[in-house]
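Here the structure is laid out as structure tokens; the discussion comes afterwards.
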Amino acid sequence: PPAAPIFDVLPDIWVLELSSFQLDGVSNFEPSAAVVLNVTQDHLDWHGTMKAYAAAKARIYGKTATMVINRDDPAVVAMVPEPEVIKSGVRGRPAKVVHRDLVYFGLDAPRRPGDFGLVTDSGMAWLVRALEADPTIKRKKGDEEEIILQRLMPADALRIRGRHNASNALAALSLATAVGCPLAPMLHGLREYRGEPHRVEHVATVSGIDAIDDSKGTNVGATVAALQGLGSDLSPGKLVLILGGDGKGQDFAPLVEPVGRFARAVALIGRDGPALQDILSGLKAANGEPLKLQGHDSLEAATRWAFEQAQPGDAVLLSPACASLDMFRNYGHRAQVFTDTVRELAIERGEVA
Numbered sequence: 002p003p004a005a006p007i008f009d010v011l012p013d014i015w016v017l018e019l020s021s022f023q024l025d026g027v028s029n030f031e032p033s034a035a036v037v038l039n040v041t042q043d044h045l046d047w048h049g050t051m052k053a054y055a056a057a058k059a060r061i062y063g064k065t066a067t068m069v070i071n072r073d074d075p076a077v078v079a080m081v082p083e084p085e086v087i088k089s090g091v092r093g094r095p096a097k098v099v100h101r102d103l104v105y106f107g108l109d110a111p112r113r114p115g116d117f118g119l120v121t122d123s124g125m126a127w128l129v130r131a132l133e134a135d136p137t138i139k140r141k142k143g144d145e146e147e148i149i150l151q152r153l154m155p156a157d158a159l160r161i162r163g164r165h166n167a168s169n170a171l172a173a174l175s176l177a178t179a180v181g182c183p184l185a186p187m188l189h190g191l192r193e194y195r196g197e198p199h200r201v202e203h204v205a206t207v208s209g210i211d212a213i214d215d216s217k218g219t220n221v222g223a224t225v226a227a228l229q230g231l232g233s234d235l236s237p238g239k240l241v242l243i244l245g246g247d248g249k250g251q252d253f254a255p256l257v258e259p260v261g262r263f264a265r266a267v268a269l270i271g272r273d274g275p276a277l278q279d280i281l282s283g284l285k286a287a288n289g290e291p292l293k294l295q296g297h298d299s300l301e302a303a304t305r306w307a308f309e310q311a312q313p314g315d316a317v318l319l320s321p322a323c324a325s326l327d328m329f330r331n332y333g334h335r336a337q338v339f340t341d342t343v344r345e346l347a348i349e350r351g352e353v354a
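Residue numbers (our numbering): 2 to 354.
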């Protein structure tokens, strides 16, 4: 039989994940819809300033894409442009005001039709979408839109842990619906999705202590998200954290508040372990006692010490907030050393990891 025309076998939608390096200096990039998940300090050795870093990320929206906006991140909200005023060119005819198409998501209740969010009802958190209460009613200019909230799925039905992953799920739903994808199969996919390796991945439970691999957490923002996401699922002070590596010139100060709120102890490794120790020194843990800090020459030693500090019901979290190349081939290698050490501990304690 004759070969099918190439355009008959190509996907209807292409999904691209682009880094700030790829976007830096790009022009004429016009996707149908795009999202910037967050802006946290990273890659300043390349971009120089946070302003330049955010500007590079913002180029993903082009001039025409539907902008999917994380309303929880002021730096992303600041990317929304002012409405464009187009003069009619005809005397007496008013100028036309053109607004970009916007979809907002966040970890609170959505406030506009088409937006996504999270609400808690009777102790259960739900992923929701806002719908116009009665689309047949014509509103006057300036009238507030009445909305109803459509429950999509319980947040606990997600297999990926942490509120930051609920935010990621909302971002995915917002982006896909912006290009016309139906909700039902996406919600099924979210229920089945187990997450990517090394991103807040449950490795094993040893002596009642969960081992969590977030080796992909190579910057401060990722580790803050992991701490807040897991911390919301646990009681305060139930995390033992492993931090450190090559900090790439980051400011570690944003770690102070979530570490103090959620961590019982912190093991430090790598080139910037001493810098992290300096900034966390004197911090009190959630129980009011001084936060335990201990530097280590190897990840194996740090992991063993972390399990000694943890109690049943706690989690040991490898989320270094740093790159890995000062000690490892890559973040996957770092994760493998952590996982291997956890399995050795399980065997030594007569358990199967």
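No residue lacks a Cβ here, since even glycine has one placed at the ideal position from N, Cα and C.
* Supposed close pair D211, V201 - CB separation, criterion 8 Å -> In fact, because the Cβ distance is near 11 Å, the residues do not count as touching under 8 Å.
* Have a look at S28, R272 and A76 and flag the residue whose alpha-carbon is nearest the alpha-carbon of D327. => R272
* To do: Give the straight-line distance between the Cα atoms of P12 and V129, rounded to the nearest whole angstrom.
  => 28 Å
* Asked: How many angstroms separate the CA atom of L188 from the CA atom of Y194?
  -> 10 Å
* Determine the contact status of A223 and K217, defining contact as a CB-CB distance below 9 Å. => yes
* The beta strand (DSSP E) spanning L326 covers which residue range? -> No beta strand (DSSP E) contains L326, which DSSP labels as neither H nor E.
* Express the C-alpha separation of K139 and D43 in angstroms, rounding to a whole number. => 46 Å
* To do: Go through its chain and collect everything with a Cβ distance to G163's Cβ below 8 Å, but skip five positions before and after it.
  => V201, A226, A227, Q229, G230, L231, S233 and D234
* Asked: Who are the near neighbours of A324 in its chain, counting only those whose CB is closer than 7 Å to its CB and skipping five residues on each side?
  -> T219, G246, D247 and K249
* To do: Please confirm whether L153 and F106 have their CB atoms less than 9 Å apart.
  => no
* **Three-state secondary structure assigned by DSSP to N71** => strand
* To do: Assign D254 to one of three DSSP states: helix, strand, or coil.
  => The sequence as given places Ala at residue 254; Asp does not occur at that position. Reduced to three states, the DSSP call for A254 is helix.
* Y194 - partner residues in DSSP beta bridges -> According to DSSP, which records beta bridges pairwise, Y194 is partnered with nothing at all.
* F106, DSSP secondary structure in three states -> strand
* Asked: Which residues in the same chain have their Cβ closer than 7 Å to the Cβ of I149, if we skip the five residues on either side of it in sequence?
  -> L132 and A134
* Nearest candidate by alpha-carbon position, reference D73, set K97, V37 and K285 -> V37
* Asked: What is the C-beta distance between V241 and V343, in whole angstroms, given that I count them as a contact (C-beta under 8 Å)?
  -> Actually they are not in contact, since the Cβ atoms of V241 and V343 sit about 13 Å apart, beyond 8 Å.
* Once you ignore the five residues that flank L266 on each side, which residues in its own chain have a CB closer than 6 Å to its CB? -> In the sequence as presented, Leu is not what sits at residue 266; that position holds Ala. Excluding positions up to five away in sequence, the list reads V241, K293 and Q310.
* Is it right to say N29 is buried, meaning 16 or more other beta carbons lie within 10 angstroms of its own, or is it exposed? -> exposed
* Out of F339, K58 and A276, state which residue places its alpha-carbon closest to the alpha-carbon of W306. => F339
* To do: Flag this pair as yes or no: are the beta carbons of P32 and I61 separated by less than 9 Å?
  => yes
* Asked: At what residues does the alpha helix (DSSP H) containing M51 begin and finish?
  -> M51 to A59
* **8 Å contact criterion, which L269 and A322 should meet: CB distance rounded** => Their Cβ separation, rounded to whole angstroms, is 11 Å, which puts L269 and A322 out of contact at 8 Å.
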